[in-house]
Amino acid sequence: MSANQHVVQFSGGVGSFLTAVQVAERHGTAGMTLLIADTRVEDEDLWRFSEDASAFLGVPLTIVRDGRTPWQVFYDQRFLGNDRLAPCTKVLKQQPCRAWMETNAPPDRATAYVGIEPNMHDRNRIPAIVRNWQPWTVEFPLADGPDATKGELLAQVRHLGIRPPRLYELGFAHNNCGGACVRAGQRQWKHLLATLPDRYAHAEHEEEKLRALLGDVSILRDRRRGTTRPLPLRSLRARGAVAVSTQRDSRSELSARSDIGCSGLPCRRSAPSLKPGSAIASRVSTASPTSSPKRPKSRPTKGR
């Protein structure tokens, strides 16, 4: 292995890829490792993107595996991961990556890089990550740069000629767990049901099996009127179906009554008119790649 190793904790997301690009620019790729954990539930396009990133950088993926899925971890630990605590992250990602680091990247010769995105919310995670990765030195080159939105980061990826992972295009904030992350809230699970219903159904089925084993537990919680109770995915689906049905009934009633005026007589419909020359324009912002402050580059390291 190289005397100076640069190990990028590569998640298959936009943040870790752009971090790897910055590390390559500063240190070269001879001593770089793209370390990624396979949880066996990732969206198939994550692996397409990861291979594209690997080819772009000229660095092969180093894949580590526990061998189980998150659901199997929940069975083994008799605990259903949820939006407050998810043992799958530690078991399937952190522990395999740390085991690889202990064997292949001694702390006195290796630096770990984590793709924290450049916004205040994500930067707040840095102290905990530094503590968890001791005794290795951890750097966050993307977070050290100027603030950028997710859209701007995706634009940088496209600018480099790489198609971003499809989960971003489908409206998901992160490219992990195939969109079915137990740490996600109700909004993302509703979005999963709307966009990838088969994947939602699989998670719903697995949750029901764990509920049969563990009792009244759930991934999500329903917080209403000062009380908190389990909210199974089955109930969230039913709640959504009721909401859709109610909306349809309301629209039907409104349509049936929309021709009746206050006097009970039919109203005459008229289309809204626009003044000549007026227009309604939507504002489109074109993101251009942002650049982080220039830093002196070190001499590229030799191959491993």
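The numbers in the sequence shown follow the numbering used here, run straight up by one, and end at 344.
Even glycine gets a Cβ: it sits at the ideal position worked out from N, Cα and C.
Small disclaimer: the values here were computed from a predicted structure and weren't measured.
Can you tell me where the beta strand (DSSP E) holding residue i begins and where it ends?
{"i": "R165", "result": "Where R165 is concerned, there is no enclosing beta strand (DSSP E), given that its DSSP letter is neither H nor E."}
{"i": "E179", "result": "177 to 179"}
{"i": "A152", "result": "150 to 154"}
Have a look at the DSSP bridge pairing and note the partners of residue i.
{"i": "I103", "result": "I76"}
For residue i, count neighbouring Cβ atoms within 10 angstroms of its own Cβ and tell me buried if that reaches 16, exposed if not.
{"i": "E84", "result": "exposed"}
{"i": "P110", "result": "buried"}
{"i": "M141", "result": "buried"}
{"i": "P175", "result": "exposed"}
{"i": "L250", "result": "buried"}
{"i": "K130", "result": "exposed"}
{"i": "L305", "result": "Model confidence at L305 stands at a pLDDT of 35, short of 50, so the residue's coordinates are unreliable; what they give is reported in the following sentence. Label assigned to L305: exposed."}
{"i": "H199", "result": "exposed"}
{"i": "Q49", "result": "buried"}
{"i": "E293", "result": "Low confidence applies here, because E293 scores a pLDDT of 40, under 50, leaving its location unreliable; read the following figure in that light. Exposed, by the Cβ-count rule."}
{"i": "Q62", "result": "buried"}
{"i": "L2", "result": "Nothing about residue 2 can be reported from this structure: the residues present for the chain run from 41 to 344 only."}
{"i": "A311", "result": "For A311, the pLDDT reaches just 29, beneath the cut-off of 50, and the residue's location in the model is therefore unreliable, although a value from the coordinates is still provided. It counts as exposed."}
{"i": "A3", "result": "Here the chain comprises residues numbered 41 to 344, so residue 3 is not present and cannot be evaluated."}
{"i": "H245", "result": "exposed"}
{"i": "A60", "result": "buried"}
{"i": "A278", "result": "exposed"}
{"i": "A224", "result": "buried"}
Please go through the same chain and pick out, in chain order, the residues whose beta-carbon is closer than 7 Å to the beta-carbon of residue i, but skip the five residues on each side of it.
{"i": "I156", "result": "G55, D162, R163, R165, I166, F180, L182, A183"}
{"i": "H243", "result": "Correcting the residue type first, residue 243 is Ala in the shown sequence and not His. Hits under 7 Å: A220, L273."}
{"i": "P147", "result": "P175, W176"}
Below 6 Å CB to CB, which residues in the same chain sit around residue i once its five sequence neighbours on both sides are set aside?
{"i": "N215", "result": "G52, G53, L86, P205, L207"}
{"i": "G98", "result": "T69"}
{"i": "C128", "result": "P110, V113, G121"}
{"i": "A145", "result": "Q45, V47"}
{"i": "R80", "result": "T109"}
In the DSSP assignment, find the unbroken alpha helix (DSSP H) run with residue i in it and report its ends.
{"i": "T143", "result": "135 to 144"}
{"i": "E82", "result": "That residue, E82, is in no alpha helix (DSSP H); it is neither H nor E in DSSP."}
{"i": "Q112", "result": "110 to 117"}
{"i": "Q45", "result": "Where Q45 is concerned, there is no enclosing alpha helix (DSSP H), although the beta strand (DSSP E) it sits in stretches over 45 to 49."}
{"i": "V197", "result": "190 to 199"}
{"i": "G55", "result": "54 to 67"}
{"i": "R206", "result": "206 to 209"}
Can you give me the Cβ contacts of residue i inside the same chain, cut-off strictly under 8 Å, excluding the 5 residues immediately before and after it?
{"i": "L58", "result": "G155, L182, L193, Q196, V197"}
{"i": "R239", "result": "G218, G219, A220, L232"}
{"i": "L276", "result": "Q226, W229, K230, L233, L260"}
{"i": "N172", "result": "Q134"}
{"i": "G211", "result": "H231, T235"}
{"i": "V104", "result": "L75, I76, A77, D78, P136, C137, A139, W140"}
{"i": "L254", "result": "R118, F119, L120"}
{"i": "E247", "result": "L120, S258, I259, P272, L273, R274"}
{"i": "L101", "result": "F50, L74, I76, S90, E91, S94"}
{"i": "N159", "result": "D187, A188, T189"}
{"i": "R269", "result": "R261, D262"}
{"i": "D123", "result": "V222, R223, A224, G225, I259, L260, R261"}
{"i": "G280", "result": "K230, L233"}
{"i": "V170", "result": "V178"}
(request) Would you list, in sequence order, the uninterrupted beta strand (DSSP E) runs of no fewer than 3 residues that lie entirely inside the region 214 to 280? (result) 260 to 264, 267 to 271
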